[in-house]
Amino acid sequence: MFISDKKKKNKTKVPSLEEYLQQRDYLGALTLLEFQRSIGEKHENADLWICYCAFHLGDYKRAMEEYKSLTEKPDCPAEVWVYLGCALFFLGLYKEAEEAASKAPMSPLQNRLLFHLEHKAELKNLIDISSCSFEFAKELIRHNLVVFRDGEGALQVLPPLIDVIPEARLNLVIYYLRQDDVQEAYNLIQDLDPVTPQEYILKGVVNAALGLEIGSRDHLKIAQQFFQLVGGSASECDTIPGRQCMASCFFLLRQFEDVLIYLNSVKSYFYNDDTFNFNYAQAKAALGNYKEAEEVFLLIQNEKIKNDYVYLSWLARCYIMNQKSQLAWELYHKMGTSSDSFSMLQLIANDCYKMGQFYYSAKAFDALEKLDPSSNYWDGKRGACVGVFQLILANKEPKEMLKEVLVFLQNSGNPQVEYIIRILRKWAKDNRVLL
1 MFISDKKKKN KTKVPSLEEY LQQRDYLGAL TLLEFQRSIG EKHENADLWI CYCAFHLGDY
61 KRAMEEYKSL TEKPDCPAEV WVYLGCALFF LGLYKEAEEA ASKAPMSPLQ NRLLFHLEHK
121 AELKNLIDIS SCSFEFAKEL IRHNLVVFRD GEGALQVLPP LIDVIPEARL NLVIYYLRQD
181 DVQEAYNLIQ DLDPVTPQEY ILKGVVNAAL GLEIGSRDHL KIAQQFFQLV GGSASECDTI
241 PGRQCMASCF FLLRQFEDVL IYLNSVKSYF YNDDTFNFNY AQAKAALGNY KEAEEVFLLI
301 QNEKIKNDYV YLSWLARCYI MNQKSQLAWE LYHKMGTSSD SFSMLQLIAN DCYKMGQFYY
361 SAKAFDALEK LDPSSNYWDG KRGACVGVFQ LILANKEPKE MLKEVLVFLQ NSGNPQVEYI
421 IRILRKWAKD NRVLL
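Numbered by full-length UniProt numbering, the letters in the sequence shown go through residues 1 to 435 in order.
The following block contains the structure:
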């Protein structure tokens with residue numbers, strides 16, 4: 001009996017395939033799938049998932065081989081051909097990739113793959129032309145290659161083209177924004193007089209980013225005006241960028257009901273877009289819809305956003321408002337020591353107190369008092385500790401929690417603490433609670 005219990009205790013639960021995929025742990029997912037295949041316990045669509053994981057791990061050769069094997073089966077889904085084409089494309093086998101893609105049904109992915117293949121069959125031929133009269137076209141091609149390659153080589157190619165190709169300036173601004181170099185982006189665009197909607201939008205984005213970074217109301221005001229100008233124009237008001245501009249305008253004005261009106265109108269186009277979901281969730285939370293806000297925050301996969309204090313603080317507040325204070329405390333623990341973690345402690349201490357979740361409020365106030373003994377966090381900790389005691393009396397918290405509350409109180413040097421401790425100890429003795 002002892003051996004059986006020990007085995008049961010030591011047994012760890014293996015994450016499911018869905019959990020691995022949700023965490024983007026493709027190596028873990030692939031290992032699980034291969035193990036299940038080896039023991040004859042294949043997951044539904046296991047072969048397709050193996051291909052998917054190999055592709056996302058950058059093992060395009062393995063993905064190609066697995067997809068080819070699938071295409072030889074009579075029940076192979078037709079869309080597998082375009083997946084095979086993608087693997088072949090990343091292996092540099094462009095002709096074979098085109099042949100595979102042509103066997104697939106029409107889809108956005110097939111269009112995108114064929115588009116990239118065309119630019120690979122055409123751009124190389126054009127850029128190799130050495131005629132002097134073709135110099136401008138070569139510069140245009142080099143510019144476009146930077147765009148197609150998502151900014152690769154931007155600092156080498158784009159600066160000399162700023163006064164040659166108008167779009168070069170805009171794309172270099174976008175590059176700086178993606179690198180979080182907001183000041184360089186602003187330096188490049190501040191003297192540009194916008195003419196097209198795209199120029200107004202980009203100038204608005206840069207001013208908004210700079211305004212938030214340096215705390216400038218003037219820059220935020222300029223950004224809001226640019227967004228309103230585009231979103232309210234007759235030519236753009238019913239376009240997706242136009243509606244996004246109006247949402248951004250109202251976001252800066254903190255009119256979140258209006259933000260949601262515009263974001264809801266385009267939500268179906270941005271289901272998996274992390275930036276859209278970040279803004280959408282903030283607007284939901286700002287209006288007190290914490291349940292839906294939490295769900296949307298948790299959809300976000302971008303690590304840069306997930307490490308941002310704005311994201312962490314909003315998610316912590318959602319957890320607290322949804323009676324999940326322990327998860328908020330876990331967020332704080334993962335942050336390490338910084339000014340942001342101190343701010344998170346203050347948020348947890350005060351929000352948990354407001355929501356009657358006194359245990360985590362007391363933990364947070366106790367930590368704050370240790371970090372800054374000179375500040376008067378005693379009042380908050382005292383109230384939170386008494387709140388925990390009241391919940392214990394009402395049988396809403398376990399009696400054993402009283403022991404930890406006493407530790408919080410003993411950590412304080414306030415003279416009132418002895419009186420409170422005596423009361424708690426007397427109650428514990430009368431009710432046979434071991435301290």
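Note that CB positions come from ideal geometry on N, CA and C, so glycine has one too. Fair warning: this is a prediction, and the values are worked out from it, not measured in the lab.
Residue i to residue j span [Cα, whole Å]
i	j	result
Ile305	Tyr311	7 Å
Gly92	Glu257	49 Å
Asn187	Glu99	47 Å
Leu298	Lys291	11 Å
Ile348	Glu369	14 Å
Cys318	Trp329	12 Å
Asp372	Leu327	24 Å
Leu21	Tyr60	18 Å
Glu167	Gln190	15 Å
Ser102	Leu114	9 Å
Ala208	Ile214	10 Å
Arg217	Ser248	15 Å
Asn395	Gly413	30 Å
Ala234	Phe270	23 Å
Leu245	Pro398	Note that residue 245 is Cys in the sequence shown, not Leu. Near 51 Å, if we compare the C-alpha coordinates of Pro398 and Cys245.
The alpha helix (DSSP H) enclosing residue i, as first and last residue numbers
i	result
Ser412	Premise fails: Ser412 is in no alpha helix (DSSP H) and is neither H nor E.
Met344	Ser339 to Lys354
Val205	Pro197 to Ile214
Ala46	Ala46 to His56
Asp181	Element bounds for Asp181: n/a, residue is neither H nor E.
Cys237	No alpha helix (DSSP H) holds Cys237; DSSP gives it neither H nor E.
Ile392	Trp378 to Leu393
Arg425	Val417 to Asp430
Residue i versus the options, residue with shortest Cα-Cα distance
i	options	result
Ile201	Asp75, Ala281 and Ile174	Ile174
Phe251	Ala281, Asp430 and Ile240	Ala281
Arg382	Lys426, Asn431 and Ala364	Ala364
Gln410	Arg254, Tyr26, Glu18 and Leu424	Leu424
Leu161	Gly151, Gln179, Glu152 and Arg142	Arg142
Gly153	Val407, Asn171, Asp163 and Ala384	Asn171
Asp180	Asp308, Lys429, Asn414 and Ile320	Asp308
Pro108	Glu79, Glu18, Asn431 and Lys95	Glu79
Ala285	Gln255, Val164 and Arg169	Gln255
Helix, strand or coil at residue i [DSSP, three-state]
i	result
Leu299	coil
Leu91	coil
Leu435	coil
Ser38	helix
Lys334	coil
Pro398	coil
Ser265	helix
Leu253	coil
Ala367	helix
Pro77	coil
Glu152	coil
Sub-8 Å separation of residue i and residue j beta-carbons
i	j	result
His116	Phe89	yes
Val206	Leu177	yes
Phe227	Gly204	yes
Ala87	Ala63	yes
Residue i beta carbon near the ligand FAD (any heavy atom closer than 7 Å)
i	result
Phe90	No copy of the ligand FAD occurs in the structure displayed, which carries no ligand at all.
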